[in-house]
Amino acid sequence: MSGYIKYGLLIAVVALVAYKSVYFEKLSTRTNTVANAFDAVAFGKQLWNEKMPAKIDSAVQLTTLIDEIEKDVEVGVNKYTNALAIGNYRYALVKLTADVLDVKEDEVILGAKHNDSVLTLNLATEFIYGNAVRDASGLVQVEKFPNSTDLNNLSEALNKIIRTTVLPSFKTAIQKGDKVVLVAAVELNKEHIHWNGIELLPVKIEILK
16 MSGYIKYGLL IAVVALVAYK SVYFEKLSTR TNTVANAFDA VAFGKQLWNE KMPAKIDSAV
76 QLTTLIDEIE KDVEVGVNKY TNALAIGNYR YALVKLTADV LDVKEDEVIL GAKHNDSVLT
136 LNLATEFIYG NAVRDASGLV QVEKFPNSTD LNNLSEALNK IIRTTVLPSF KTAIQKGDKV
196 VLVAAVELNK EHIHWNGIEL LPVKIEILK
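Mapped onto the numbering used here, the consecutive letters of the sequence shown carry residue numbers 16 to 224.
1. Give the straight-line distance between the Cα atoms of Leu223 and Leu197, rounded to the nearest whole angstrom.
2. Taking DSSP's pairing of strands, which residues face Asp114 in a bridge?
3. Helix, strand or coil: how does DSSP classify Asn211 here?
4. What three-state label does DSSP hand Ala100 in the structure shown?
5. Do Glu221 and Gln195 have their beta-carbon atoms positioned less than 9 Å apart in this structure?
6. Can you tell me the Cβ-Cβ gap for Asp165 and Ala55, rounded? I've got them flagged as a contact below 8 Å.
7. Report, in whole angstroms, the separation of the C-beta atoms of Phe58 and Leu169, which I expect to be a contact under 8 Å.
8. Enumerate in chain order the residues of its own chain whose CB-to-CB distance from Phe53 is below 6 Å, with the five nearest sequence positions on each side excluded.
9. Give me the DSSP bridge partner(s) of Tyr106.
10. Go through its chain and collect everything with a Cβ distance to Asn146's Cβ below 6 Å, but skip five positions before and after it.
11. For Leu215, count neighbouring Cβ atoms within 10 angstroms of its own Cβ and tell me buried if that reaches 16, exposed if not.
12. Measure the alpha-carbon distance for Glu89 versus Lys186 and round it to whole angstroms.
13. DSSP three-state call for Asn162: helix, strand or coil?
14. Specify, as a first and last residue, the run of the beta strand (DSSP E) that Ala139 falls within.
15. Apart from the five residues on each side of it in sequence, which residues of its chain come closer than 6 Å, Cβ to Cβ, to Gly91?
16. Out of Asp121, Glu65, Ala98, Lys86, point me to the one whose CA is closest to Leu182's CA.
17. Residues in its own chain within less than 6 Å of Asp114 by CB, not counting five upstream and five downstream?
18. Quick check: the region 101-113 against the region 203-213, are at least 3 beta-carbon pairs closer than 8 Å?
Next comes the structure, spelled out in structure tokens:
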């Protein structure tokens, strides 16, 4: 084979490899993909402003939740709690009135009457993280989200709203001996439910004067 032929074949092979290595995409396609990316902050604000108020209004009384679950765990859990996945962990929005027993750096200790006893509850005021608020609301269907990152980002967006809009004024005003009325998200492990010391993540809170 002559040198010219070999040289021509080499050029053809290089040209073919280069062609296969180049990927062309319309700029409009790339722009649309970016534009359609999930905006967790905007969606979280929309949920909070448009749909969360109704969920807050329909929150179950904590005493009712306790009584129904103590009567029949499965019936009470299925009726009043939500979860995005199958498992023991369930979430609920509860409302209650309680006395402030102590004010700490990152939580407020509450006392709430239930029948003839007083429950001690921990109201989180600093570390508002996790999926409890998102899942307790019952506003999110997992099948509508293509990946877990979007779901986690939505949880953080809702938690940030609480940290920046619900808690600041409350934290500066609350004192031991005050009485509060609140709606909060709670996490329950239906195999090991302990009401005393349960953590409350507030979504609405008011100091009664």
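No residue lacks a Cβ here, since even glycine has one placed at the ideal position from N, Cα and C.
Inspection of the coordinates gives the following:
1. The sequence position of residue 223 within the sequence shown is 208, counting from 1. The sequence position of residue 197 within the sequence shown is 182, counting from 1. Approximately 10 Å between the Cα atoms of the pair.
2. Position 99 of the sequence shown, counting from 1, holds the residue named residue 114. Asp114 is bridged to Gly126, Lys194.
3. For this step, residue 211 is matched to residue 196 along the sequence shown. It is coil, neither helix nor strand.
4. As a working note, residue 100 is residue 85 in the sequence shown. In this structure, Ala100 counts as coil in the three-state DSSP scheme.
5. Indexing the sequence shown from 1 puts residue 195 at position 180. Indexing the sequence shown from 1 puts residue 221 at position 206. Looking at the sequence itself, residue 195 is Val, so the reference to Gln does not match. A contact, by the Cβ cut-off of 9 Å.
6. As a position in the sequence shown, residue 165 is number 150, starting the count at 1. As a position in the sequence shown, residue 55 is number 40, starting the count at 1. Their Cβ separation, rounded to whole angstroms, is 7 Å, which keeps Asp165 and Ala55 in contact under 8 Å.
7. The residue you call residue 58 lines up with position 43 of the sequence shown. The residue you call residue 169 lines up with position 154 of the sequence shown. Confirmed, about 6 Å.
8. As a first step, residue 53 must be located in the sequence shown, where it is residue number 38. Excluding sequence neighbours, Phe53 sits near Asp165.
9. If you number the sequence shown from 1, residue 106 lands on position 91. Paired residues: Asn97, Glu202.
10. As a first step, residue 146 is located in the sequence shown; it is residue number 131 there, counting from the start. If we look at Asn146 and ignore the five residues flanking it on each side, its Cβ neighbours are Ser170.
11. Within the sequence shown, numbered from 1, the residue matching residue 215 stands at position 200. Under this definition Leu215 is a buried residue.
12. Looking up residue 89 in the sequence shown gives position 74. Looking up residue 186 in the sequence shown gives position 171. Each residue's alpha carbon lies about 36 Å from the other.
13. Taking the sequence shown and counting its residues from 1, the one referred to as residue 162 is at position 147. Coil, per DSSP.
14. Position 124 of the sequence shown, counted from the first residue, corresponds to residue 139. Unbroken beta strand (DSSP E) run through Ala139: 132-139.
15. Residue numbering aside, residue 91 sits at position 76 when the sequence shown is read from its first letter. If we look at Gly91 and ignore the five residues flanking it on each side, its Cβ neighbours are Glu83, Ile84.
16. Position 167 of the sequence shown, counted from the first residue, corresponds to residue 182. With distances taken between Cα atoms, Leu182 lies closest to Asp121.
17. Walking along the sequence shown from the start, residue 114 turns up at place 99. Hits under 6 Å: Gly126, Lys194.
18. yes
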